[in-house]
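Engineer:
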Amino acid sequence: MVLQAAYTALTTVLPTKYWPHAAVVAAILVVIYAYTQGPTTNRERDLHARIIILTGPFTPLGIVTLTALAKRGAHIIALSPYPLSHPIPSLLIPLIRSTTNNENIFVEYCDLTSATSIRNFSTTFLTGNDTRIDAIVFAHEYPSIGRVWFFGGKARREKEQREAEQRESASLASFLLVTLLLPALLVAPVERDIRIVSVVNPFYAAALPTFPSFLESTPSSPIRPESILISEGHRALRSIIVTRHLQRILDSLPNRAADARSDKPPAPHPSNIIAVSACPGVSRRDTVAPFLGTTERGWSLAYIVLLPFLLLFTKSSTSALQTVLHVLFLPTPLKRAQAKVDAAADEEARKAEAALGNTPETSSEPAEPRRTGPVEVLKPGALYRECAIVRLEVPRPPAPAPGTDEKKGEEPSALEDDGDFGGEIVGRAVWEWYEARLKEWEARDKERVEAEEKVAAKEKAEEEAKGTTAQATSAAEGKDSGPATDS
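According to this note's numbering, the stretch in the sequence shown is residues 257 to 743, in order.
1) Report yes if the C-beta distance between L441 and I450 is below 7 Å; otherwise report no.
2) Report the rounded CA-to-CA distance for T729 versus A721, giving the unit in angstroms.
3) So is W689 buried or exposed if we call it buried at 16+ other beta carbons inside 10 Å?
4) Classify V281 as buried or exposed, calling it buried when 16 or more other Cβ atoms lie within 10 Å of its own Cβ.
5) Return yes when the Cβ of T311 is within less than 7 Å of the Cβ of I352, no when it is not.
6) If you compare alpha carbons, which of E359, L464 and N528 is closest to V443?
7) Return the first residue and the last residue of the beta strand (DSSP E) that R306 is part of.
8) Can you list the alpha helix (DSSP H) stretches of 4 or more residues lying completely in the segment 334-367, in chain order?
9) Please state the DSSP three-state secondary structure of G384.
10) Return the residue from the list D674, E419, H331 and G489 that minimises the CA-CA distance to F470.
11) From the DSSP output, which residues share a beta bridge with L639?
12) Nearest-angstrom Cα distance between T579 and D701?
13) So the beta strand (DSSP E) S454 belongs to, where does it begin and stop?
14) Please work out which residues of its chain come closer than 6 Å, Cβ to Cβ, to T296, disregarding the five sequence neighbours upstream and downstream, and give them in chain order.
15) Output yes or no for whether 7 Å exceeds the beta carbon distance between R299 and F569.
16) Take Y338 and list the residues in its own chain whose beta-carbon comes closer than 8 Å to its own, dropping the five residues that flank it on each side.
17) If you follow the alpha helix (DSSP H) that A463 is part of, which residue opens it and which one closes it?
18) Answer with buried or exposed for K664, where buried requires no fewer than 16 other C-beta atoms within 10 angstroms of its C-beta.
19) Using only alpha-carbon positions, find the residue among L438, P399 and T356 that is nearest to L382.
20) Is I389 helix, strand or coil when you go by DSSP?
21) Kindly indicate which three-state DSSP category G554 falls into: helix, strand or coil?
22) Taking the C-alpha atoms as reference points, what is the distance between E662 and G679?
23) Specify, as a first and last residue, the run of the alpha helix (DSSP H) that Y289 falls within.
24) Please confirm if the segment 274-291 is in contact with the segment 417-432, defined as three or more CB-CB distances below 8 Å between the two stretches.
Right, dumping it as structure tokens:
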């Protein structure tokens, strides 16, 4: 009876002659959905006893990243922009610990919009007992900043100014945190696998035509009116370039283990610290939702109306995570080289055993499979998207005209110009941009902190004065209302 009623209702809504058309449409939608979600990583890695610092842990991508790493046994230090007593960290972290059966998930307060807060965290971490770091994942730079605004005037200019400051502070926070934690990374054993992952938004290609003019800007240059996509693209592209330049600097450092055993001067050697950029693609909650005005505090009508299309054409947070996991799971070139050495040693051992008559057929122990063969390794300084390497042709700034005066005292760079992402020239220009903006950002933050401390001290003094006045008043009233005497 129930099936008959359901069949009748179905044939009434969709007659049987249209069923083949519906099946074709459904198949097309399934193919589109599978394509937009992107590939999944074919790698896996045991992360037990690996210490990973994660920024932006309470963004949609940050939560799934935190959960995925915790399931694999990682020791996670999540940098929370909220105080530890805030409901978000105090409720979510115990929940993730219980669902992943991993108690090694810790939260530290670090406001990435404040240089003072970043320095306080770095000082506390570096002066602790355990300063081991196996990976740093900057997930706070992935969510989009800005909202589509159809009105002009002063309100729009103020909005663009505020969003530009947010983008700049997010980029400078990553740069400052890396430079502060770099001493702990450099003193680690050379055989340790250390990774720095910068998670960037997918709009880097939109900034390529205007990037040379961005390189020519100075800290005092006025903010140029740009679309949200180009502004977001500049933020992503400069993160990609500075990550590649950081890898050049790391590779130019001498190898401590090799140089300690020889009398030769230190020589550059590929570093065991690998810095890469990962682009998760267009995510529904991190990329599109902020543009439509959807925040953690509420939803927007535009997002609700477009949700059916967004479900089909944009990624979920779990699908967006795959590229981040891919760069964390791929073997590094040094590990792969060590695997080849081990395989060659195993082959020599097998030949020696065969010469002694102990062949795999006569041996009681099964022979181990060979570990040689082509294996994908992580490319240092590269940009990964959809679990694959992306190559960008970043335009270089125009060369100075012949006969123009160059900077006095400037020495030629000792870094290798590999040509990736504009080469060493563009990388050095972006690095200098970060250094110049960082000085101003720290100075502004220092002034803000000092002003807040003065206000807090003033309020405390006023409260103490009020308390002293109240005590004096109550004492005077008690004295005046003493015990009455009978006349």
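Think of the CB as a built atom: it goes at the ideal place given N, C-alpha and C, for glycine as much as any other residue. All values derive from a computational prediction rather than experimental measurement.
Structural biologist: Judging by the given coordinates:
1) Yes, the pair counts as a contact, with Cβ atoms nearer than the cut-off.
2) Going by the C-alpha atoms only, they are around 12 Å apart.
3) Label assigned to W689: buried.
4) Classification of V281: exposed, given that the 10 Å Cβ count is below 16.
5) Against a cut-off of 7 Å, the Cβ pair of T311 and I352 comes out as no contact.
6) Measuring C-alpha to C-alpha distances from V443 to each of E359, L464 and N528 identifies N528 as the nearest.
7) Where R306 is concerned, there is no enclosing beta strand (DSSP E), because DSSP gives it neither an H nor an E.
8) Counting whole runs of 4 or more residues, the segment 334-367 contains the alpha helix (DSSP H) stretches 343-356.
9) In the structure shown, G384 falls within a coil segment according to DSSP collapsed to helix, strand and coil.
10) Nearest C-alpha to F470: G489.
11) L639 is bridged to S533 and V646.
12) Cα-Cα distance, rounded: 34 Å.
13) Taken as a continuous stretch (DSSP letters only), the beta strand (DSSP E) holding S454 covers I450 to V455.
14) Cβ neighbours of T296 beyond the five flanking positions: Q578.
15) Taking the C-beta atoms as reference points, F569 is found no nearer than 7 Å to R299.
16) Only F314, I344, P345 and Y365 meet the Cβ criterion.
17) It is not in any alpha helix (DSSP H) - A463 carries neither H nor E in the DSSP assignment.
18) With a pLDDT of 48 at K664, under the threshold of 50, the modelled position of this residue cannot be trusted; read the value that follows with caution. Per the 10 Å Cβ criterion, exposed.
19) Residue L438 is the option with its Cα nearest to L382.
20) Of the three classes helix, strand and coil, the one that applies to I389 here is coil, per DSSP.
21) G554 falls in the strand class under three-state DSSP.
22) In this prediction, E662 scores a pLDDT of 48, lower than 50, which makes its location untrustworthy; no coordinate-derived value is stated.
23) Start and end: W275 to Q293.
24) In short, these stretches do not touch, since the Cβ pair count stays below three.
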